[in-house]
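Residues 5 to 315, numbered by our numbering, are exactly what the sequence shown covers, in order.
A virtual CB, placed ideally from N, CA and C, is assigned to each residue, including glycine.
Written below as structure tokens is the structure these notes are about.
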Amino acid sequence: MNDPIFEPEAVERNRAAIHDYCKLLKVDHRPFEAFAKYFAKDLIQHDPWIGDGNGGDEEYLEGRREDDPEEFSATDEYVSVAHNVMADADHVVVKSHVFVGPEDKGRIFIDIWRVEGGMFVEHWDIIEPIDQTHFNRLPVGRTRAEAIALGETLSNPIYGNPDPSYDSEESRRIVLDYMHMGMESGRLVEALETYLADDFVQHTGRMPPDKQGSIDYLAARAETRAKDNRTSIFERVVADGDLVLVHRRVTSDSDPRGTVFADLYRVRGGKVTEHWDVVQPIPEFSASGRSMTGGPDSPLEPGRFVGPEPH
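Okay, structure coming up:
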């Protein structure tokens, strides 16, 4: 996992860089200028659809629009709503939802970059197409029209900025203790009862919205998941004040290739008070030939091939 030790001044420079990048991309609608300014020439790309290098995003996005202009607007016409922006050590994170065309129902994105010398040198993302059932807990911007009406959300993300009055390392410890306890045999309910606040809010539409509902939902599935040898491989943990993002690959006997989970927690008063997630099955292809969750030298997940998405 990523090393959390980093000079605070460098973290704040990285935070400033991701805010400037997002302003160019999402507020000023100058995506290719944002890419040119911040993407390293030899950018390591883990998105399955996009190749390595600083031209990979532009090539993919422009090609997608050429293939289907009815579905995909020009990149500078995308509509984005910022949820959270985080910085920790040499990693920065943006959670948002985006409408890429007039008829698009919306996609939730979590983008993770590794930063060196002010440039983005490695990128992972988790993208989930969201229907309105999953969107029903969004406070604002549920449709493209509503998102346009919101205007600029980067300076005041809809789920708030990280609260620096909370200790990032303590927040990280609490989340990891909670998750590790929950993965021990027979201790899932204990972990949920111990670490979830009484007023816990579950934002994912897959689960009931409160503490007891989450306990009931997960407990009912624990035995089946254990029999399937469900395992989490933790890749990186980003902690920023009261927010903690856990980026992991989940495998099982029935899904050896795996599914990527990005779990975002808010921690206050020693308890987990909120949870969001974005979930994406790992596809069989990889345009860059890289693992979807690993590092630069990680092998491809089982059953994958190097190349673009088959048509």
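Expected contact under 8 angstroms - CB spacing of residue i and residue j to nearest Å
{"i": "residue 170", "j": "residue 271", "result": "7 angstroms"}
{"i": "residue 166", "j": "residue 246", "result": "6 angstroms"}
{"i": "residue 263", "j": "residue 285", "result": "5 angstroms"}
{"i": "residue 192", "j": "residue 224", "result": "That pair is no contact at about 11 angstroms."}
Under 8 angstroms between C-beta atoms of residue i and residue j
{"i": "residue 237", "j": "residue 261", "result": "no"}
{"i": "residue 22", "j": "residue 91", "result": "yes"}
{"i": "residue 42", "j": "residue 25", "result": "yes"}
{"i": "residue 28", "j": "residue 37", "result": "yes"}
{"i": "residue 199", "j": "residue 178", "result": "yes"}
{"i": "residue 309", "j": "residue 289", "result": "yes"}
{"i": "residue 302", "j": "residue 295", "result": "yes"}
{"i": "residue 51", "j": "residue 127", "result": "yes"}
{"i": "residue 221", "j": "residue 248", "result": "no"}
{"i": "residue 206", "j": "residue 190", "result": "no"}
{"i": "residue 150", "j": "residue 31", "result": "no"}
{"i": "residue 66", "j": "residue 94", "result": "no"}
{"i": "residue 239", "j": "residue 53", "result": "no"}
{"i": "residue 112", "j": "residue 101", "result": "yes"}
{"i": "residue 58", "j": "residue 39", "result": "yes"}
{"i": "residue 152", "j": "residue 83", "result": "yes"}
{"i": "residue 168", "j": "residue 89", "result": "no"}
{"i": "residue 378", "j": "residue 183", "result": "Absent from the structure is residue 378, since the part of the chain shown begins at 5 and ends at 315."}
{"i": "residue 134", "j": "residue 114", "result": "no"}
{"i": "residue 132", "j": "residue 282", "result": "yes"}
{"i": "residue 194", "j": "residue 187", "result": "no"}
{"i": "residue 35", "j": "residue 72", "result": "no"}
{"i": "residue 256", "j": "residue 235", "result": "yes"}
{"i": "residue 141", "j": "residue 212", "result": "no"}
{"i": "residue 123", "j": "residue 44", "result": "yes"}
{"i": "residue 103", "j": "residue 148", "result": "yes"}
Paired residues, beta bridge with residue i - DSSP
{"i": "residue 285", "result": "263"}
{"i": "residue 39", "result": "None; residue 39 has no bridge partner."}
{"i": "residue 48", "result": "126"}
{"i": "residue 311", "result": "290"}
{"i": "residue 279", "result": "206 and 269"}
beta-carbon residue i near the ligand GTP non-hydrogen atom, thresh 7 angstroms
{"i": "residue 72", "result": "Within the structure as shown, the ligand GTP is missing, as the structure has no ligands at all."}
Taking the runs of the beta strand (DSSP E) that are 3 residues or longer, which of them lie wholly in the region 81-152? List check, beta strand (DSSP E) in window: 83-92, 95-103, 111-120 and 123-133.
Mind pulling the beta strand (DSSP E) runs of 3 or more residues that sit fully within the region 183-268? DSSP runs (the beta strand (DSSP E)) wholly in the region 183-268: 200-206, 235-244 and 247-256.
Would the region 100-110 count as touching the region 273-280 if we require 3 or more Cβ pairs under 8 angstroms? Output reads no: the region 273-280 does not touch the region 100-110.
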